[in-house]
Amino acid sequence: MSQAATAAQAPATDALLDVREIHTYYGDSHVLQGVTLDVKPGECVALLGRNGAGKTTTLRSIVSLTPVRRGQVSFGGFDITRWPTHRIIREGIGYVPEDRGIFSSLSVREHLDVAMWAGKQTAERRDEVLKIFPRISERMEHFGQQLSGGEQQMLSIARALLTKPKLLILDEPSEGLAPIIVDEVRDTLKEVKGTGTSILLVEQNVAMALALADRVVVLSQGMVQFTGTPAELEAQPQIKDTYLGIA
Ligand code: ATP
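Every position in the sequence shown, counted from 1, becomes a number in the numbering used here once 17 is added.
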């Protein structure tokens, strides 16, 4: 944690990420209405909910892409609520957006080089990350537009991992992918978790999320309706039915 961070110390907590009662607006529209969740070191937390529940807005609020109007986001015990996004990323949060952020005319190598330079990382670190992504390492000279959806997703995750984040945040990594590729992404994320990286995952694919998550947070209309383990969620069919649309 940088020295500057000590100026805004948050209350002590054992969580790596601690989101407390955040309220976020788009204009007059009050989208997040007091969202509270946390991610502990080494843990994978899945944020679930129907379309429009506020999942993406929660992730964007955590990394300051959308401003939080009230409430607090702490990371590693420090209040990061109003930090600029680049500083939050530098402090150890990797963010994989829903659109993957892949440029059609940049090669795989160039995507990784840019992230390497921006994050002051070495080629050794790049090669270490690429060991988890064999398919990407075979396509270093391919352009973004030549990659399949699954390869783009893998590149987006690899890029976020370059800076050794303590927490990886992913917005719907399975979206638009064939089931067999979803399984590959799931297995890759298991491997990432195995390295000790914490994960906060937004997913519409509930089966994939439950296969990865230690805990689940269910959101509806910008409010948390449930927090618990996958087994606790399984034991509450009315939550699954009402807020996730599955029995
Ligand atoms: P989805 O699964 O469809 O992506 P979500 O749970 O991620 O849904 P959000 O994208 O966070 O939900 O959207 C929450 C609410 O905020 C929705 O009502 C949405 O229409 C609204 N919203 C999202 N982005 C904007 C924006 N840029 N301007 C205005 N309203 C927005």
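The beta carbon of each residue, even a glycine, is placed where N, CA and C say it ideally should be. On a predicted model such as this, the values are computed, not experimentally measured, just so you know.
Residue i beta carbon near the ligand ATP (any heavy atom closer than 7 Å)
i           : result
residue 48  : yes
residue 222 : no
residue 139 : no
residue 63  : no
residue 102 : no
residue 74  : yes
residue 260 : no
residue 43  : yes
residue 69  : yes
residue 88  : no
residue 118 : no
residue 66  : yes
C-alpha gap between residue i and residue j, whole angstroms
i           : j           : result
residue 74  : residue 186 : 13 Å
residue 263 : residue 256 : 9 Å
residue 182 : residue 113 : 12 Å
residue 227 : residue 233 : 8 Å
residue 266 : residue 120 : As shown, the chain starts at 18 and ends at 264. That puts residue 266 outside it, with no answer to give.
residue 27  : residue 84  : Low confidence applies here, because residue 27 scores a pLDDT of 47, under 50, leaving its location unreliable; read the following figure in that light. Rounded to the nearest angstrom, the two C-alpha atoms are 18 Å apart.
residue 205 : residue 150 : 8 Å
residue 249 : residue 240 : 19 Å
residue 159 : residue 45  : 44 Å
residue 194 : residue 168 : 10 Å
residue 54  : residue 179 : 26 Å
residue 190 : residue 214 : 16 Å
residue 134 : residue 103 : 14 Å
residue 56  : residue 155 : 34 Å
residue 147 : residue 131 : 15 Å
residue 246 : residue 60  : 11 Å
residue 126 : residue 139 : 13 Å
residue 175 : residue 109 : 15 Å
residue 129 : residue 143 : 7 Å
residue 116 : residue 170 : 9 Å
Residue interval of the beta strand (DSSP E) (run including residue i)
i           : result
residue 242 : 240-245
residue 130 : Here residue 130 belongs to no beta strand (DSSP E); instead the alpha helix (DSSP H) covers 125-135.
residue 216 : 215-219
residue 266 : Absent from the model: residue 266. The displayed extent of the chain is 18 to 264, so no value can be given.
residue 64  : 61-65
residue 108 : No beta strand (DSSP E) holds residue 108; the alpha helix (DSSP H) holding it covers 102-108.
residue 41  : 34-43
residue 89  : 85-92
residue 188 : 184-188
residue 82  : No beta strand (DSSP E) holds residue 82; DSSP gives it neither H nor E.
residue 237 : 232-237
Boundaries (first-last residue) of the alpha helix (DSSP H) holding residue i
i           : result
residue 201 : 196-211
residue 168 : 166-178
residue 287 : Residue 287 falls outside the range modelled here, since the chain spans only 18 to 264, and no answer is possible.
residue 223 : 223-229
residue 153 : 151-154
residue 76  : 72-79
Stretch pair the region 229-247 + the region 62-71: three plus CB contacts closer than 8 Å: yes
- Quick check: the region 193-207 against the region 28-44, are there 3 or more CB pairs under 8 Å? no
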